Amino acid sequence: ALEAVADLPVRVLLTVGRDMDAAALGSVPANVHVKAWVPQTEVLTQAAVVVCHGGSGTTYGTLAAGVPLVIVPLFADQPDNAHRVAEVGAGLAVEPEPGRAGQRAGGLISGAGNLDSSRIRAAISSVLAEPSYREAAGRIARDMRALPTLDEVLDTLVSTLARR
């Protein structure tokens with residue numbers, strides 16, 4: 774899917790995980806920087822959009838930072854997370870070919886290979902061009918910041934239990 778961003782006027786940070794050799798990607802476009810890992814909270818402050826599979830950690834962290842998403846879900850909770858993000862207007866879901874997401878082939882999850890990179894490119898371009906996605910993500914971030922902290926929740930639980 775790197776061809777989806779090759780000629781877009783954007784800088785792309787691609788994280789591949791600590792277990793993958795980045796050289797396995799072969800040639801990457803000049804605007805793509807490949808890293809094994811980066812501190813997500815630091816990178817999100819500079820992101821205009823995050824393209825991911827929609828796992829809970831990345832999805833929640835991205836929304837907490839007020840950044841819109843393009844989600845390419847593969848399996849487990851990812852399709853539901855993608856649907857919900859799209860439903861609230863904080864991003865777009867780019868689904869693999871129907872009936873193929875999440876199938877295992879040789880130990881790998883297939884599904885992303887059933888995507889035309891032009892669909893990912895169109896979603897990225899739409900999210901970057903339409904301010905409503907960032908606005909919706911910003912509203913969610915504000916709502917998340919307004920939630921009680923873990924310490925506040927624990928204090929409430931302890932005081933409630935102490936009164937019983």
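When you read off a place in the sequence shown, starting at 1, and then add 773, the result is the number in this note's numbering.
C-beta atoms are modelled at their ideal positions from N, C-alpha and C, and glycine is treated no differently.
Being a predicted model, the structure only gives us computed values, none of them experimental.
Whose CA, out of the options, lies closest to the CA of residue i?
{"i": "H856", "options": "I893, A866, G799", "result": "A866"}
{"i": "A805", "options": "L786, V822, A902", "result": "One detail in the question is off: residue 805 reads as Val in this sequence, not Ala. Answer by Cα proximity: L786."}
{"i": "L888", "options": "E908, P846, A796, A909", "result": "P846"}
{"i": "R784", "options": "G790, V801, D794", "result": "V801"}
In its own chain, which residues sit with a C-beta less than 6 Å from the C-beta of residue i, not counting the 5 before and 5 after it?
{"i": "A820", "result": "V840"}
{"i": "D780", "result": "none"}
How far does the beta strand (DSSP E) with residue i in it reach, from first residue to last?
{"i": "L787", "result": "785 to 788"}
{"i": "V843", "result": "842 to 844"}
{"i": "G864", "result": "864 to 866"}
{"i": "V807", "result": "805 to 808"}
Applying the 10 Å Cβ sphere with the 16-neighbour rule, what's the burial state of residue i?
{"i": "A803", "result": "exposed"}
{"i": "E776", "result": "exposed"}
{"i": "V778", "result": "buried"}
{"i": "P852", "result": "buried"}
{"i": "L836", "result": "buried"}
Quick one: give me the first and last residue of the alpha helix (DSSP H) that residue i is part of.
{"i": "A824", "result": "One point to set straight first is that residue 824 is Val, not Ala, in the sequence displayed. Note, V824: premise wrong, no alpha helix (DSSP H); beta strand (DSSP E) at 823 to 825."}
{"i": "V861", "result": "V861 -> no alpha helix (DSSP H), and no H or E assigned at all."}
{"i": "V778", "result": "Where V778 is concerned, there is no enclosing alpha helix (DSSP H), given that its DSSP letter is neither H nor E."}
{"i": "E815", "result": "813 to 817"}
{"i": "D916", "result": "904 to 919"}
{"i": "G830", "result": "829 to 837"}
{"i": "T929", "result": "923 to 935"}
Please list, in chain order, all residues of the same chain as residue i whose beta carbon is under 8 Å from its beta carbon, the five residues on each side excluded.
{"i": "T814", "result": "G834, A838"}
By Cβ distance below 7 Å, which residues in the same chain neighbour residue i in space, the five residues on each side in sequence not counted?
{"i": "A878", "result": "No answer about A878 holds up, because its pLDDT of 37 lies below 50 and its placement is not dependable."}
{"i": "V900", "result": "V822, P841, V843, G864, L865, Y906"}
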